[in-house]
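Peer 1: The numbering of the sequence shown is the numbering used here, which starts it at 385 and goes up by one. Quick reminder that beta carbons are idealized off the backbone N, C-alpha and C, glycines included. Since we're looking at a predicted model, the values are computed, not measured. Just dropping this structure here.
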Amino acid sequence: MDAAPTENPIIMNVMSVYGYMVIGGAISCALWGIGCMQMFLYFLNYEEDHLWMKALVVYIWMLDTVIEALLFAGIFPPLITQWGSVASYATVQPALVIRTLLSYVLAVPVQLFFHYRIYRFTGKSKVAHVCVVLIGIVVMWQLVGVSLFTAWSLPKHQPVATALSTPRVVASEISSRASASFIDVTIAVWMTFLLAKRRKALFVRSNRMLYLLMFMTINTGLWTAVVAVLDFSLIAWHPSHLIFTLFEYPLPALYLNMLLANLNARRYLRGADGGITELRVAGLDGSGGNPIRLNSGDTSGRDGAIPLRAMNASATLAHSQDGTVAIRIEKSLVTRSDAESLNASADSKV
């Protein structure tokens with residue numbers, strides 16, 4: 385009869401250090417895979433995009449790929465090749481510190497890209513100039529904070545808890561994460577506010593388009609904002625406890641997906657029908673009573689509805705026998721891409 389295997393007298397529970405890293409890394413890898421599919425769809429559907437935009441997508445994807453590789457390079461030795469080594473388990477892994485630095489190098493271009501789009505959407509007003517400059521300073525501070533964190537964490541072979549709990553390391557961690565949280569929340573709130581402000585109550589279909597834009601903005605920007613706030617909150621609560629890696633490690637892949645989701649949604653939004661479903665015209669029936677409703681999809685003529693396709697094409701504005709007003713509406717849909725706008729600007733400068 386075979387003897388029972390001898391039990392190891394020292395059993396280490398690594399959940400408090402590497403357990404959260406493994407879970408966060410698994411989520412990050414899943415998001416990276418989704419990002420790969422989104423990038424394939426982007427290059428398949430948007431061949432006309434400007435070269436700089438394609439280069440930005442490739443840069444973000446390649447950097448996120450390096451980040452995923454550094455994550456596993458950092459957790460592989462203490463969990464696999466040097467399993468059981470107290471020194472390997474307790475010291476800071478350089479690959480993980482470099483990974484943190486690169487995650488901010490990835491996030492900053494994405495944040496600047498969305499603030500550039502907000503700047504264009506606001507019409508380049510003076511207020512927008514001031515806001516963009518101030519936010520740009522906050523964005524760049526992330527790189528300063530994470531660079532200080534890297535410089536103070538890399539050279540010393542200290543236990544993880546000791547290295548992450550020194551005052552200057554904690555200060556650099558909290559400031560950089562707070563900046564990232566502020567920027568992500570600003571992106572989602574500012575864009576949603578601008579879209580809601582431009583909402584036109586006259587056109588139902590236009591409302592639908594703006595609702596789609598707001599949903600897309602919230603659905604993409606909100607995720608990074610929530611995750612960044614949770615990451616910042618956990619670091620501020622317990623800097624030496626690595627539970628924050630549950631939310632920090634998926635962030636770079638989340639930025640990649642946020643960027644690609646916004647770029648890939650353009651064709652869907654352009655494909656929306658530019659027609660007017662309903663036009664409310666009040667006070668033109670001579671009585672000043674109820675509004676007159678024009679509905680392009682209703683041919684019954686009930687409730688004062690005038691079918692657009694039943695109008696006389698030669699009349700722009702005509703009164704019917706019952707005092708209602710028929711209005712001829714010519715509609716068209718004009719779409720412009722970011723690449724077309726940039727090319728037009730370049731031609732005007734030449």
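1) Under the assumption that Leu532 contacts Ser563 (Cβ atoms under 8 Å), give the Cβ distance between them as a whole number of angstroms.
2) I'd like to check one pair, Leu415 with Leu454: are the Cβ atoms closer than 8 Å?
3) Got a sec, what are the start and stop residues for the alpha helix (DSSP H) Asn429 sits in?
4) Taking DSSP as the reference, what is the three-state secondary structure of Thr570?
5) Counting only the same chain and skipping the five closest in sequence on each side, list residues whose C-beta sits under 7 Å from that of Val452.
6) Taking the straight line between their C-alpha atoms, what separation do you get for Gly458 and Asp433?
7) Measure the Cβ-Cβ separation of Gln495 and Asn641 and say whether it is below 8 Å.
8) Going by C-alpha distance, which of Asn646, Thr629, Arg651 is nearest Tyr738?
9) Can you have a look at His499 and say buried or exposed, based on whether 16 or more other CB atoms are within 10 angstroms of its CB?
10) Please report the distance separating the alpha-carbon of Gly419 from that of Pro493.
11) On the CB-based measure, 16 or more other CB atoms within 10 Å of its CB, does Pro389 come out buried or exposed?
12) Verify whether the separation of the beta carbon atoms of Leu518 and Val489 is less than 8 Å.
13) Could you check where the alpha helix (DSSP H) with Thr475 kicks off and where it finishes?
14) Using a 10 Å radius around the Cβ and a threshold of 16 neighbouring Cβ atoms, would you call Asn397 buried or exposed?
15) Is the Cβ-Cβ distance between Leu638 and Val611 less than 8 Å?
16) What's the gap between the Cα of Pro462 and the Cα of Ala580?
17) Could you tell me the alpha carbon to alpha carbon distance between Ala572 and His513, rounded to whole angstroms?
18) Mapping the DSSP letters down to three states, classify Ala580 as helix, strand or coil.
19) With distance defined between alpha-carbon atoms, name the residue in Phe566, Val528, Trp574 nearest to Val553.
20) For Tyr633, collect the residues of the same chain with a Cβ closer than 6 Å to its Cβ; drop the 5 residues on either side in sequence, then sort them by chain order.
21) For Trp525, which residues in the same chain have their Cβ closer than 6 Å to its Cβ, ignoring the five residues on either side in sequence?
22) Run through DSSP, which three-state label would Pro634 get?
23) Any idea what DSSP makes of Glu452, helix, strand or coil?
24) How about Val569 and Ala620: are their beta carbons less than 8 Å apart?
25) Straight-line CA distance for Ala535 to Tyr652?
26) What did DSSP end up calling His622 once you bin it into helix, strand or coil?
27) Does DSSP classify Glu557 as helix, strand or coil?
28) Starting from the C-beta of Phe566, find all residues in its chain whose C-beta is less than 7 Å away, skip the five residues before and the five after it, and write them out in chain order.
29) Span of the alpha helix (DSSP H) holding Trp536?
30) Measuring alpha carbon to alpha carbon, tell me which of Ile394, Gly468, Ala474 ends up nearest Ser624.
31) Please report how far the alpha carbon of Glu431 lies from the alpha carbon of Thr484, in whole angstroms.
32) Note down the Cα distance separating Tyr404 from Asp615, rounded to an integer number of angstroms.
33) Ile444 and Leu643 look like a contact to me (Cβ under 8 Å); what is the Cβ gap, rounded to whole Å?
34) Would you kindly work out how many angstroms separate the C-alpha atoms of Thr449 and Pro636, rounded to a whole number?
35) Note down the Cα distance separating Leu626 from Val406, rounded to an integer number of angstroms.
36) Measure from the alpha carbon of Val481 to the alpha carbon of each residue in Phe497, Thr465, Phe456, Arg504, then state which is nearest.
Peer 2: This is what the structure gives:
1) Your pair Leu532 and Ser563 does not check out as a contact, with CB atoms roughly 13 Å apart and the cut at 8 Å.
2) Between Leu454 and Leu415, the gap from beta carbon to beta carbon reaches 8 Å or more.
3) Here the alpha helix (DSSP H) through Asn429 covers 404-429.
4) Thr570: helix per DSSP, three-state reduction.
5) First, the amino acid is wrong: residue 452 is Glu here, not Val. Within the same chain, and ignoring the five residues on either side of Glu452 in sequence, the residues whose Cβ sits closer than 7 Å to its Cβ are Ser412, Cys413, Trp416.
6) If you draw a straight line from the Cα of Gly458 to the Cα of Asp433, it is about 37 Å long.
7) No.
8) Since the displayed the chain opens at 385 and closes at 734, residue 738 lies outside it and no answer follows.
9) Per the 10 Å Cβ criterion, buried.
10) The alpha-carbon atoms of Gly419 and Pro493 are separated by roughly 17 Å.
11) With fewer than 16 other Cβ atoms within 10 Å, it is exposed.
12) Going by C-beta atoms, Leu518 is not nearer than 8 Å to Val489.
13) Looking at the DSSP string, Thr475 is not in any alpha helix (DSSP H), and its letter there is neither H nor E.
14) With fewer than 16 other Cβ atoms inside 10 Å of its own Cβ, Asn397 counts as exposed.
15) It is a contact, given that the beta carbons lie within the stated cut-off.
16) Each residue's CA atom was taken as its position, placing Pro462 and Ala580 some 51 Å apart.
17) The C-alpha of Ala572 lies about 18 Å from the C-alpha of His513.
18) In the structure shown, Ala580 sits in a helix (DSSP, three-state: H, G or I).
19) Out of Phe566, Val528, Trp574, Val528 has the C-alpha closest to the C-alpha of Val553.
20) Correct list, in chain order: Gly408, Gly409, Ser412.
21) Hits under 6 Å: Ser563.
22) Pro634: coil per DSSP, three-state reduction.
23) Residue state, collapsed to three classes: helix.
24) Result no, Cβ atoms of Val569 and Ala620 do not sit closer than 8 Å.
25) Whole-angstrom Cα-Cα distance: 45 Å.
26) Correct three-state label for His622: coil.
27) Looking at Glu557 - three-state DSSP - the assignment turns out to be helix.
28) Within the same chain, Phe566 has close Cβ partners Val522.
29) In the DSSP assignment, Trp536 falls within the unbroken alpha helix (DSSP H) covering 510-537.
30) Of the candidates Ile394, Gly468, Ala474, the one whose C-alpha sits nearest the C-alpha of Ser624 is Ala474.
31) Here the alpha carbon of Glu431 sits roughly 33 Å from the alpha carbon of Thr484.
32) Our two residues, Tyr404 and Asp615, have alpha carbons roughly 13 Å apart in a direct line.
33) Leu643 and Ile444 do touch by the CB rule: their CB atoms are close to 6 Å apart, below 8 Å.
34) Looking at the two C-alpha atoms, the distance is approximately 10 Å.
35) Going from the Cα of Leu626 to the Cα of Val406 covers about 11 Å.
36) Of the residues Phe497, Thr465, Phe456, Arg504, the one whose Cα lies closest to the Cα of Val481 is Phe456.
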